[in-house]
Structure formats: structure tokens, C-alpha cells
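Q: Here the sequence shown is numbered in this note's numbering, starting from 2 and rising by one per residue. Cβ coordinates follow ideal geometry from the N, Cα and C atoms, glycine included. Source: prediction; values computed, not measured. Quick one: structure below, then a few questions.
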Amino acid sequence: MSDAEAKQTTPSTSAETENYGVIQKEPVTTANEGEVDKELEAMKARVQEMESEAAKLRDMQAEVEKNMYPTQPEDDKETVDSRSVYVGQVDYGATPEELQAHFQSCGTINRVTILCDKFTGHPKGYAYIEFAESAFVNNAVALNESLFRGRLLKVTPKRTNVPGFARGRGRGRGGGGFRGGYGGPPPAYYGHNPGYGYRGR
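If you want it as C-alpha cells, here you go:
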């Protein structure tokens, strides 16, 4: 083979060498992939709707709780307590309407609250009555020991609870284990002790 023929065959050989082993893939699209994308988008939309509905429910619940249990500043609480009375010895079957009728002659009543046990729901036997003005408190106190459903009521002005004021008073009296001294329990018995009497031979 001549040199010219060798030169003509060389480029084709090098091109074949460069393309050898190279596999070109074209993107393959199927109908299933499009359906999967649509389902994912629909699921995302549903999740967003559920989250928005949950947020609305939380806001509604917070609004209801806010209306049911309004938070009052400390000054307002003292003001409310100044025009309220404590009523003890209340019959367990009494209703707020009955207490309101009993104290209606004292003045305008804003609210009647009968305290109940949070675990059993049974009344505790006492209530608080809030009047529109603090001047009505003296009129209500005048009904102390008045007869209501066969029982004598105990009516006193309501006191404002000061956090931590009553804690720590009388500490160490009558409770908290044996500390010795007269009237305390005897020490624990650990085996024979002559002070406990004769046990026999």
C-alpha cells in the first residue's frame, strides 16, 4: 500500500476510535411520570389546605378560650375583689340563680361563682358574688348568718390573694416528720431494747 492510500485511511480510523464505546441516550418521557407529578402536586395542595384549616381551628380555639377565661391585670383583679364577697356554708344543691335572688336586695350583681372541685365537679360549699359597686359589699355582709336553703350563710368581704404571702408561715409546726421533743412518736424499734420491757428467756 502506498503512502497516499495510508494517509487517506488514517482519518477514518481515528474517527472510529473516538466514537467507539460512546453511547448517547435521548431523554425518555412516559405518560406515567406526568401522572405522578400531577398526583404529587395534588397531595401538596391538600396538605396546604389541611395546614390552613388547622391554623384556623387553633385561632378559633384561642379566641374562645380568651372569651371564656379573660386575663385581668393585677389592678383590675384587686378592683373586682374590692366589690366582691365570700359566701360560705352554701348548700351543695344551690344554684347561682338562687344565690343571686338571695343577695339581689343588696345591689346590682355582676356575677355569681360557685366553686366546684376540678376532679369530681361537685360544689365545694362556698361561692363568690361580685357586685357592680364596692358600696354594695357592706349590704351583703349584713346578710351574714342569714338563712339560705336551711343553712346559715357566712358572708365576708373577699380578700385579694397575694402570691407567696401566706407561704412559709407556721413552718415547722406539727408536721414534717419526727424532730424529737414531747408528744412526738416513739423511735423506731430495731431489735431488743431493755426499755421496751421483758421479752422472756
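Go to Glu131, then tell me how far its beta strand (DSSP E) extends in each direction, as first and last residue.
A: Pro124 to Phe132 is the span of the beta strand (DSSP E), which, as asked, contains Glu131.
Q: Between Phe149, Val138 and Thr161, which has its C-alpha nearest Val91's C-alpha?
A: The option with the nearest alpha carbon to Val91 is Phe149.
Q: Output yes or no for whether 9 Å exceeds the beta carbon distance between Thr161 and Glu79.
A: Yes, the Cβ-Cβ distance between Thr161 and Glu79 is below 9 Å.
Q: What does DSSP give as the partner residues of Gly89 in its beta bridges?
A: Lys155.
Q: For Gly178, which residues in the same chain have their Cβ closer than 7 Å to its Cβ, ignoring the five residues on either side in sequence?
A: Caution applies to Gly178, whose pLDDT of 44 falls short of 50 and renders its modelled position unreliable; the model cannot decide the point.
Q: Which residues share a DSSP beta bridge with Cys117?
A: Answer is Pro124, bridged to Cys117.
Q: Tell me the DSSP secondary structure of Gly182 in three-state form.
A: Bear in mind that a pLDDT of 44 at Gly182, under 50, signals an unreliable position, so the model cannot answer this.
Q: Is the region 96–105 close to the region 45–54, with three or more CB pairs under 8 Å?
A: The answer is no - the region 45–54 does not touch the region 96–105, with fewer than three Cβ pairs under 8 Å.
Q: By alpha-carbon positions, which one of Ala143, Gly151, Arg152 and Ile130 ends up nearest to Lys210?
A: As displayed, the chain neither begins before 2 nor continues past 202, which places residue 210 out of reach and without an answer.
Q: Quick check on DSSP: helix, strand or coil for Asn145?
A: DSSP places Asn145 in coil when its eight states are reduced to three.
Q: What residues in its chain sit with their C-beta under 7 Å from that of Ser135, if we drop five residues either side in the sequence?
A: Ser83 and Arg84, listed in sequence order.
Q: Look up Arg47 in the DSSP assignment and say whether it is helix, strand or coil.
A: Three-state DSSP puts Arg47 in a helix.
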